[in-house]
Amino acid sequence: MRVVIERVLVSVALLALWQFLPAIGLGDRFFISSPVAVVSLIWEWIASGDLAENVWITAQEALLGLVIGSVLGAVFGLACGLNNAISRALLPLMTVGNALPRLAFAPLLIAWFGFGLSSKVVLAASVVFFFIFFGVYSGIRSGSGLLVANARILGGRGLALLWHVHLPQAIGWIVAGLRLAVGYAFAAAVIGEYLGSDSGLGYLIVYGKEMLDMTQVFAGLAVVMTIVGCLDVVLRRVGTLARR
Amino acid sequence: MTDPLIVLDHIARRFPSQSGRAEFTAVQDIDLTVNEGEFVAVVGPSGCGKSTLLNLISGLDTPTEGLISIDGERVRNTVRQDVGYLFQKDALLPWKTVQANVELPLVFRRLPGDHAALARDWLSRVGLSGFERNFPHQLSGGMRKRVALAATFVYGPRILLMDEPFSALDVQTRNLMENELLELWRQNRKTVLFVTHDLEEAIALADRVVVLTSNPGRVKKEFQIDLGRPRNVNEIRFEERFRALHEEIWEALREEVARSYAAQRAHG
Amino acid sequence: MARLRQVLGAASPWLILIMLLLAWQGATDFGLADPRYLSRPTTVAALIWDWIRTGFILRHVEVTVIEVVVGYTAGTLAGMAVAFGFFFFPRVAELCDPMVVVLNAAPRAILAPFAVLLFGIGLLSKMMLVLLAVFAITLLNLYTGLKEVDRTIVDNARVMGANQRDLARHVYIPAALVWIVSAMRNSIGHAFTAAIVCELLGATEGLGWIVAAGQSAVKPDWIMAGLFFAAAIVVIVDFLVLAPLERRGSHWRVF
C-alpha cells in the first residue's frame, strides 16, 4: 500500500515538473505542451464525441486485423507445428518474414488498398500473423514428446490429440503471443493512419504534428497508450488464469 | 567436556505468506547443539524446514526468534566465513570451467597461494583430474557433485552444511559419493550437519541422527549412532546394530511422515 | 529417392518464393492486375539494379544505418545501465514501475510524430526514437533476466565468500550477457522499424524517405525497392551477425 502511494507521488511530481518547467524558463511551452492542456483537450474530445468516433475507427482496424491475423497465424502455425514437410518449406520464409520491419511496409499497403479501413486491417493482420504463428508453432514444438507419445499409445488421434494434448501444452505460448499481438495491432492501425487516412487516432496525432500542435500529439498518444495498456493488463490476467 | 561448536537456542523462523496475512512457520523451538568434529544428520519428512535450518546456520537467513552461535560467537545477518554449504540443486557457475569453479572461493576470499595448483589438487582428490577445462553441463550429475565437493573443501571450511546433496543421483553413484564423503571427512574431521530425508543414508553416515517433526519443524528426538568407523555404506546396512537403529528411529519418523502426507493431501 | 526428397525439402522455401514472384509477374503481364499499383518484379529488380549501379542508394542506406547504429548503441548501453541500476537498487525500481509500464504500453514506433515534432526532420529525431525503442527492450529483457538468476547459485557464491562486487562480476554480469545478446537480437528489427517509420513521417534522406517519396509520387516500384533494401539490411544483420553471436554467447546453455 505504501508503495502505491509513493508511486503516485513520484508520478504526480513528474507531471508537476512537466507543467511548471516552462514557467521557470526551462523548455518552451510550444514544444513540450503541458499536462493540463493535454487533459483538457482529451476532455474536449470526449465532450464533442470526437474521441469515441476516432477510437471506434482505430479499434475496428486493430480488432479486424487481430482476428484475421490470428486465424491465419493459427492455421499456418498448426500446419507447421504438426507437419514436418510443411514446416521445412514455410519456416525459413516465416523466420525471415518475422525479422522484417513490417510496420514500415505501411506505405506499400496504402498504395495497394487505399486510404480506408482495409489497408490498416491488412497491416495489422500482417503483424499479428507472425506473433500467433510463432506462438502456436513454438507451443506445439516445445511440448513434451513424451506426452504425445503416451497419448498416441492410449489411442489418441487427429483432433482429439490436438485438443487434449497439443493445445493445452501450447496455451501459455499462444496467450503470450496474443498479448504482444494486441499492442502491435493497435500500433499497426495507428501507424497506418499516420501514413494515409482521414480519421482515427493516428490521424488525430499526425494532424497535430502537421499543425505543429504538440498538445494534440500528446493527447492522441496518451489515448492510444491507455487503451493498449488496459488491454495488456486484461490479457495478463487471462494469461495467468489460462496457465492454471 | 568442551563447549559445543554450534548452538541453536530456541530458534524459530516464520515467513510471511503470499496472501500477506497468515505466516508460514518453517521451524519452531529448535534446540540443537553440534560438537566440533561431529557428523550430525537431520532427518524429517519433506517440507519440515530442514533447508531453512541450514540457511539459518550459514547466515544466509536470520531467525525470527532465538539465537544461533558458532564457537561462542553469535551468527548475525552476515554469511559465515568458516562454513561450506553443499546444496541439493546444482550451484556451479555454468559459464565457468570446472577448474575456475573450484578456484572461485579462493578468489572470493582473496586467499594467498597458488589457486590453480590447489584447485587441481582437490579435483584429483575427488577423481576429476583431466576434466579441468570442461564446463559443468558436459559432466554427469555425480561428477558435478564432486566438483561442488572440491570447491567446498578447497578453502578448508570448519563446518560443512549439506542439504540432501546426493538426492538427485542414482543409487550406485550415490553410495560411491557417500563413501567418498566419509573418506574426506575421516581425513579432515570437519563438523558436518547433513540434512536428508533418507533414514538409511543418515544412519550410515552420521554419529548422531536428529529427527524433526513435520511442519512446523521441531526436534522430536535424537539418537546416538554407535556404529564403528571407518564405515562402508554398502556393507554397514547389513549389520545387526544398523537394523536395530533403523527400526528404532523409523518408529519416531514414521508418525511424522504420515502426518506430513496427510497434511499434503488435505491441501490438495 | 530419399536424397531427392531431401534436396526438394531444402529447396522448397525457394520454390515457394519463386512461384510467388512468377505469379506476380504473370498477373501484371497478362492484365490480371494493374502494374500502376502493383508494379512488376522485373521493374522493381531493374530499379534496384539501377540504384546500385548509379550509387544513388548508398547515401540513403548510409543515413538509415547511421541513425540505427547510434540509437541502437546508445539505447543498449542506457538499457543495460538502468537495468543494473534497478536490480541493485530495488527501491528505485519500485518507484519507477509506473514509468516502465508506460514505456512498455505500446510499440515505441508510434511515437514517431512526437519525435519528429520535438527533434526535427534531421537525423536526431530518428536516433532518439531508435534509442527509446532499443532502451525499452534492453531494459525489460535484462531486468527480468537478472531477477531470474538462480537463487542457489547466488547463495552458493555468498557462502563461498563473495561480496556484492564479486557477485556482480562473477555471477550477475556473466548471467546478464546472455540476456543482453538476446535483447540485442530482439531489438535490431525494432530499431530499423523505428528509424524507417520516423523517416516516413519527416525526412529528407534515408530509406524511409525513398519509400515516402515513392508513396507521394505514386511510384510503387520506388516503395518496393526502398523496402527491399530495408529488409535486406535487417536480414543480413540479424542472420549473419546477431544470430551467430547469440549461439556463441550461450554455448554453455545446453538443456
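Residue numbers (our numbering), protein chains in the order written: chain A, 1 to 244; chain Z, 1 to 268; chain H, 1 to 255.
Every residue gets a Cβ at the ideal spot worked out from N, C-alpha and C, and that includes glycine.
Computed from a predicted model, the values in this text were never measured in an experiment.
Distance between beta carbons of residue j and residue i, contact taken as under 8 Å
i        : j        : result
H/Ser125 : H/Val116 : 5 Å
H/Ala194 : H/Arg53  : So it is not a contact: roughly 30 Å between Cβ atoms.
Z/Ile30  : Z/Arg218 : 7 Å
A/Val190 : A/Gly202 : 4 Å
Z/Arg204 : Z/Arg231 : Checking the displayed sequence, the identity of residue 204 of chain Z turns out to be Ala instead of Arg. With a Cβ gap of about 7 Å, Z/Ala204 and Z/Arg231 count as contacting.
Z/Glu248 : Z/Phe223 : 7 Å
H/Ile233 : H/Val65  : 7 Å
Z/Val75  : Z/Gly59  : 5 Å
Z/His197 : Z/Glu251 : Not really, about 17 Å apart at Cβ, beyond 8 Å.
A/Leu15  : A/Pro35  : 5 Å
Min CB distance residue i to chain H below 8 Å
i        : result
Z/Arg146 : no
A/Pro92  : yes
Z/Ala91  : yes
Z/Tyr85  : yes
Z/Ser51  : no
A/Arg2   : no
A/Tyr203 : no
Z/Phe108 : yes
A/Ser262 : A question about residue 262 of chain A goes unanswered here, because the residues of chain A that appear run from 1 up to 244.
Z/Gln81  : yes
A/Leu241 : no
Z/Leu104 : yes
A/Lys209 : yes
A/Arg179 : no
Z/Leu60  : yes
Z/Trp185 : no
Z/Trp122 : no
Local Cβ density within 10 Å of residue i, reported as buried at 16 or more and exposed below that
i        : result
Z/Ala100 : buried
A/Ser70  : buried
Z/Lys190 : buried
H/Val254 : Note that H/Val254 has pLDDT 40, beneath the 50 cutoff, so the model's placement of it is unreliable and no number is given.
H/Gly26  : exposed
H/Asp50  : exposed
A/Met214 : buried
H/Ser187 : buried
A/Asp248 : In the structure as shown, chain A starts at 1 and stops at 244, and residue 248 of chain A therefore has no counterpart that could be examined.
H/Gly79  : buried
H/Trp179 : buried
Z/Asp226 : exposed
Z/Gly72  : exposed
Z/Arg265 : exposed
Proximity test, Cβ basis, 8 Å: residue i and chain Z
i        : result
H/Pro174 : yes
H/Val254 : Since pLDDT at H/Val254 reaches only 40, below the 50 mark, its modelled position is unreliable, and no value is offered.
H/Val171 : yes
H/Asn156 : yes
Below-8 Å beta-carbon distance, residue i vs any chain A residue
i        : result
H/Gly208 : yes
H/Gln164 : no
H/Ala193 : First, the amino acid is wrong: residue 193 of chain H is Thr here, not Ala. For H/Thr193, the answer is yes, since a Cβ of chain A falls inside 8 Å of its Cβ.
H/Tyr37  : yes
H/Glu205 : no
H/Leu129 : no
Any non-hydrogen atom of the ligand GTP within 7 Å of residue i CB
i       : result
H/Thr28 : No copy of the ligand GTP appears in this structure; indeed no ligand is present at all.
At least 3 beta-carbon pairs within less than 8 Å: the segment 173 to 180 of chain A vs the segment 219 to 237 of chain A: yes
Is the segment 80 to 96 of chain A in contact with the segment 11 to 30 of chain H, if contact means three or more CB pairs nearer than 8 Å? yes
Completely contained beta strand (DSSP E) runs for the segment 24 to 51 of chain H, where each covers 3 or more residues: none
Mind pulling the alpha helix (DSSP H) runs of 4 or more residues that sit fully within the segment 40 to 89 of chain Z? 50 to 58
In chain order, what are the residue ranges of uninterrupted beta strand (DSSP E) at least 3 long that sit wholly in the segment 190 to 218 of chain Z? 191 to 196 and 208 to 212
Every unbroken beta strand (DSSP E) within the segment 120 to 201 of chain Z, with a cutoff of 3 residues, ordered by chain: 159 to 163 and 191 to 196
Does the segment 107 to 124 of chain Z come close enough to the segment 44 to 52 of chain Z that 3 or more CB-CB pairs lie under 8 Å? no
In chain order, each alpha helix (DSSP H) run of at least 4 residues that lies wholly inside the segment 133 to 198 of chain A: 145 to 153, 158 to 161 and 167 to 195
Pairs of beta-carbons, one from the segment 65 to 83 of chain A and one from the segment 132 to 144 of chain A, closer than 8 Å: are there three or more? yes
Should the segment 167 to 184 of chain H be regarded as contacting the segment 22 to 40 of chain H, the criterion being three or more beta carbon pairs within less than 8 Å? no
Report yes or no: do three or more beta-carbon pairs, one from the segment 98 to 116 of chain A and one from the segment 40 to 51 of chain A, lie closer than 8 Å? no
Secondary structure, alpha helix (DSSP H): runs of 4+ residues fully inside the segment 1 to 48 of chain A: 2 to 20, 29 to 32 and 35 to 48
Measuring CB atoms only, is the segment 129 to 138 of chain Z touching the segment 85 to 103 of chain Z, in the sense that at least three cross pairs come out at less than 8 Å? yes
Could you tell me whether the segment 151 to 166 of chain A touches the segment 116 to 125 of chain A, where touching means 3 or more Cβ pairs closer than 8 Å? no
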